[in-house]
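Asks: The structure is given below, and queries will be raised subsequently.
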Amino acid sequence: MLSRTAENLYWLARYVERAEYLARTIDATLRVTALPATYIGKTNEWDSALLTAGVAASFYQQYQEANEANVVDYLSFSASNPSSIRNCIEAARLNSRSVRTALTSEMWDTINSAWIELQEVWSKGTSTREELAKFLRFVQETSLRFDGSAYRTMLRNDAYWFSRLGLHLERADNTARILDVKYHVLLPEEEHVGGPLDFYQWSSILRSVSALTAYHWVYRETLKPWLIADLLILNDTLPRSLASCYGNLVRNLDQIGVAYGRQGPAQRHARGIRNRLEHSNMNDIFQHGVHEFIQEFIADNSRLGEIVTKQYLI
Amino acid sequence: MAVAFDEMNIPGGDLRPAYQELARWIKETPPEALEYRRQEAELLFRRIGITFAVYGEAESTERLIPFDVIPRIMSGKEWALLEKGLKQRVRALNMFLRDIYHGRDILRAEVVPDDLIFQNPVFRPEMNGQQVPHDVYVHIAGIDIVRVDAEDFIVLEDNARTPSGVSYMLENREIMMRLFPDLFARHRVAPVERYPDELLSALRSVAPQGASGEPTVALLTPGVYNSAYYEHSFLADKLGIELVEGRDLIIKNNEVFMRTTEGLKRVDVIYRRVDDDFIDPLTFRPDSVLGVPGLMSAYAAGNITLANAVGTGIADDKAIYSYMPDIVKFYLGEEPILKNVPTWRCREPKDLAYVLDNLGELVVKEVHGSGGYGMLIGPAATKATIEAFREKLKREPEGFIAQPTLALSTCPTCTASGLAPRHVDLRPFVLTGSKTTTIVPGGLTRVALKEGSLVVNSSQGGGTKDTWILDE
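Those protein sequences? They're chains E and X, same order as listed.
Residues 1 to 314 (the numbering used here) are what the first sequence spells out, left to right.
Residues 1001 to 1472 (the numbering used here) are what the second sequence spells out, left to right.
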């Protein structure tokens, strides 16, 4: 297939995944900030939402203060924030138009109807919490619908695999970022260990990656930082864990390699990351430092993006 | 202006045979049902994303072309005549182009004056002596046809460059069949859905000699911001070919390749929807980023077929248009089946005198203009405009042609106040391959939705209709 088509499919999946992640982040932050002050401590949750979205620097060029109104606006509706939900949806639609021939009609319909539906939201914004919640739900549902229609209707060929590559790369990046920003609350030596503050912070992390229920199923335990990190980093039964993302990335790249009859640096690099994840345990990671571990992972992950681009997309 | 020819009603109250069943159906169908279907059609168009961009409006402006649910109907007999005329016309266009870029018999015979060719900016000297496969220049033609009476078909314009609109012909039919299955059950409508297949065979049949047995065809688009982008992606999809942009192609050793995830892949035929001017910055406009540097050398080396060929603009130029009946006679030795609109060439003193005396009744067009710019519509213009135009015309008569204002035929159309006659034209699409010329029965009917308006152009309030040819 055309390199440009593959590139568009790859980014299309990334944008949709990112929009969903942003919606989840806002949703989770709204929940935590709705708690009485004694439950959430002194940290500014909106500030940390900006950090997990990786847009704190550009935000402060435009705003003085990270409060609900400003951050929700910046992450959801801002036209000047290149990774706002709005711009993700716009970019996803533009990408879809460029590769319409490679999309199934169900996928196109999902993106195009969402885009049409959201035009009104862009022009009016959301004036109440209820409207905001509805909007955030709609974005998440759009991502689910898109993902589902890709899964159910696409031919299993390179088009599908490149789209999945984008999805899993973006997902791994998102999970790693939220862990990185919140890693301090996972550290047991913090002063208010086990207090109500930690509980809500931890559940907020899990909520951002839709893993709260999964946690209870997997561990049958109260929320423990150690286990949360284990779930999100190493547990390959959780679709948003780093291990699971890399299981998928390696598989998709292998499928491409087999179809094209050729392996390359992308396959090798992805396998390297997966092997490291497979051979790690939480003990080592905490010894080594969660922050350092995740920083390394984020760099490795974005390096994979560059290698894939060079090998296939240009 | 004469009274327009009504395609459904015969003066005196009778119906033309092709419309009898439709008229019965309209009588049985409550107006609300029609309105409901109209809204449903609009929703479908928007969801499928059948939109076009209007240049000069705010970014990301995408508009729907209004769709009228009342079909335009022609009998099989009428179509048979039109089809014959179209094939004749396109054959002549191809022979004319072959001649202009080679022997130039027609110039020596003084049927067409030299300066109209050589001083014409759409004449491409790069094409002189260039061999094109099977001598086909115009693979896809969109001939604009109007009717003013029951007998004649008149050519308004020969679009021989990159005619668009065929996706509307196909989508209109799809949507009509979804919305009005009962109406189709009551008619025998000739299908149009084989157009993509016929286009693909035509394109494959003109592959260059060095191409493999299964030539690779690609559609070259200017990109998502082009007003006809939907059509480009639609056709690429239906043909099962890659939709490429200039940056996807690269020339190596005078061969054309596309960049794929598996490396470079050779392309043999390009169905290009990029104009001559932009197709190769090394040959034509150097500022073009839509084209492929070096494409013209690959073309000259005979390694790639461009459809349509470069330089076809000289055949559909307004200055050449008035010579078309003579061109048909010259190459084919036949009387033209399709009529031309009578045209006064202002470059000829006798014609100029007539035009200057009758400016108030004529349409005067710039020879090199398009899209309705620089045009005078006499009956609709103010005195001052006419006088200003008179001066312009006197200064540079060779830049203009003039035609009478035609009373385009009308068809029943949904309006705010119920069904009413509106003016229509028709663009059938003529495909020419190495051996055959084919036309899918019908074409794109455009309708001027404003009462009395003769402008069917989509950027100026025109809409479209499904076009039915009855298989009798």
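Cβ coordinates follow ideal geometry from the N, Cα and C atoms, glycine included.
Take X:Tyr1101 and list the residues in its own chain whose beta-carbon comes closer than 6 Å to its own, dropping the five residues that flank it on each side.
Replies: Met1127 and Asn1128
Asks: Inspect the beta-carbon positions of X:Leu1359 and X:Arg1390 and report whether they are closer than 8 Å.
Replies: yes
Asks: Decide if X:Arg1063 is buried, meaning its Cβ has at least 16 other Cβ atoms within 10 Å, or exposed.
Replies: exposed
Asks: Looking only at its own chain, which residues have a Cβ that is under 8 Å from the Cβ of X:Thr1437, when we skip the five neighbours before and after it?
Replies: Lys1087, Val1090, Arg1091, Val1430 and Leu1431
Asks: Can a CB atom of chain E be found closer than 8 Å to the CB of X:Ala1236?
Replies: So yes, X:Ala1236 belongs to the interface.
Asks: By Cβ distance below 7 Å, which residues in the same chain neighbour X:Trp1025 in space, the five residues on each side in sequence not counted?
Replies: Leu1183 and Arg1186
Asks: Across the segment 1205 to 1217 of chain X and the segment 1257 to 1271 of chain X, are there enough close Cβ pairs to call them in contact, namely three or more that are closer than 8 Å?
Replies: yes
Asks: Rounded to whole angstroms, how far is the Cβ of E:Tyr215 from the Cβ of E:Leu231, which I believe are closer than 8 Å?
Replies: 6 Å
Asks: For a contact meaning CB atoms closer than 9 Å, what does X:Leu1015 contact in chain E?
Replies: Residues of chain E passing the Cβ test: none, with the nearest at roughly 39 Å.
Asks: What in chain X is Cβ-close to E:Ala6, meaning under 9 Å?
Replies: Thr1260 and Thr1261, listed in chain order.
Asks: Taking E:Arg100 as the query, report the chain C residues whose CB atoms sit under 7 Å from its CB, ordered along the chain.
Replies: You won't find chain C in this structure, because its protein chains are E and X.
Asks: Does E:Trp115 pass the burial test, meaning 16 or more other C-beta atoms within 10 Å, or should it be called exposed?
Replies: buried
Asks: Using a Cβ-Cβ cutoff of 8 Å, what residues of the segment 1237 to 1257 of chain X are near chain E? List them in chain order.
Replies: Cβ contacts with chain E come from Asp1237, Glu1242, Leu1243, Val1244, Glu1245, Arg1247 and Asp1248.
Asks: Taking only three categories from DSSP, how would you classify X:Thr1437?
Replies: Residue state, collapsed to three classes: strand.
Asks: Measure the C-alpha to C-alpha separation of X:Phe1400 and X:Ile1251 and round it to an integer number of angstroms.
Replies: 41 Å
Asks: Please check if any C-beta of chain X sits within less than 8 Å of the C-beta of E:Leu94.
Replies: yes
Asks: Report the rounded CA-to-CA distance for E:Trp217 versus E:Thr110, giving the unit in angstroms.
Replies: 32 Å
Asks: Could you tell me whether the Cβ atoms of E:His374 and E:Arg303 are closer together than 8 Å?
Replies: Nothing can be reported for residue 374 of chain E: it is not among the residues displayed for chain E, which extend from 1 to 314.
Asks: Cα-Cα, which of E:Gln287, E:Asp158, E:Tyr151 and E:Leu242 is closest to E:Gly261?
Replies: E:Asp158
Asks: Report yes if the C-beta distance between X:Ala1150 and X:Ala1407 is below 8 Å; otherwise report no.
Replies: no
Asks: Mind checking if X:Pro1049 is an interface residue toward chain E, Cβ cutoff 8 Å exclusive?
Replies: In the sequence as presented, Pro is not what sits at residue 1049 of chain X; that position holds Gly. By this cut-off, X:Gly1049 is an interface position.
Asks: Taking 8 Å as the threshold (C-beta atoms), are X:Gly1461 and X:Ala1190 in contact?
Replies: no
Asks: Using a Cβ-Cβ cut-off of 8 Å (strictly less than) and excluding sequence neighbours within five positions of X:Arg1188, which residues of its own chain qualify?
Replies: Leu1470, Asp1471 and Glu1472
Asks: DSSP puts X:Glu978 in a beta bridge; with which residues?
Replies: As displayed, chain X neither begins before 1001 nor continues past 1472, which places residue 978 of chain X out of reach and without an answer.
Asks: Please classify E:His291 as buried or exposed, where buried requires at least 16 other C-beta atoms within 10 Å of its C-beta.
Replies: exposed
Asks: When you compare each of X:Lys1027, X:Glu1451 and X:Leu1093 to X:Asp1135 by their alpha carbons, which one comes out closest?
Replies: X:Leu1093
Asks: Taking X:Leu1081 as the reference, give the member of X:Leu1449, X:Ile1439 and X:Ser1458 with the closest Cα.
Replies: X:Ile1439
Asks: Per DSSP, what are the beta-bridge partners of X:Gln1403 in this structure?
Replies: X:Val1363
Asks: Output, in chain order, the set of chain X residues within a Cβ distance shorter than 7 Å of E:Ile116.
Replies: Arg1046
Asks: Is the segment 81 to 96 of chain E in contact with the segment 53 to 68 of chain E, if contact means three or more CB pairs nearer than 8 Å?
Replies: yes
Asks: For E:Trp338, which residues from the same chain have a beta carbon less than 8 Å from its beta carbon, with the 5 sequence-adjacent residues on both sides left out?
Replies: Residue 338 of chain E is absent from the structure shown; chain E starts at 1 and stops at 314.
Asks: Counting only beta-carbon separations shorter than 8 Å, does X:Val1224 have a partner in chain E?
Replies: yes
Asks: DSSP has X:Met1258 in a bridge; who is on the other side?
Replies: X:Leu1249 and X:Lys1265
Asks: Per DSSP, what kind of secondary structure is X:Ile1154 in: helix, strand or coil?
Replies: If DSSP states are grouped into helix, strand and coil, X:Ile1154 belongs with the strands.
Asks: Checking 8 Å against the spacing of the C-beta atoms, do X:Glu1361 and X:Thr1413 come in under that value?
Replies: no
Asks: Is it the case that the segment 1234 to 1250 of chain X contacts the segment 1320 to 1337 of chain X, given that we only count it when at least three CB pairs across the two stretches are under 8 Å?
Replies: Because the criterion of three Cβ pairs below 8 Å is not met, the segment 1320 to 1337 of chain X and the segment 1234 to 1250 of chain X do not touch.
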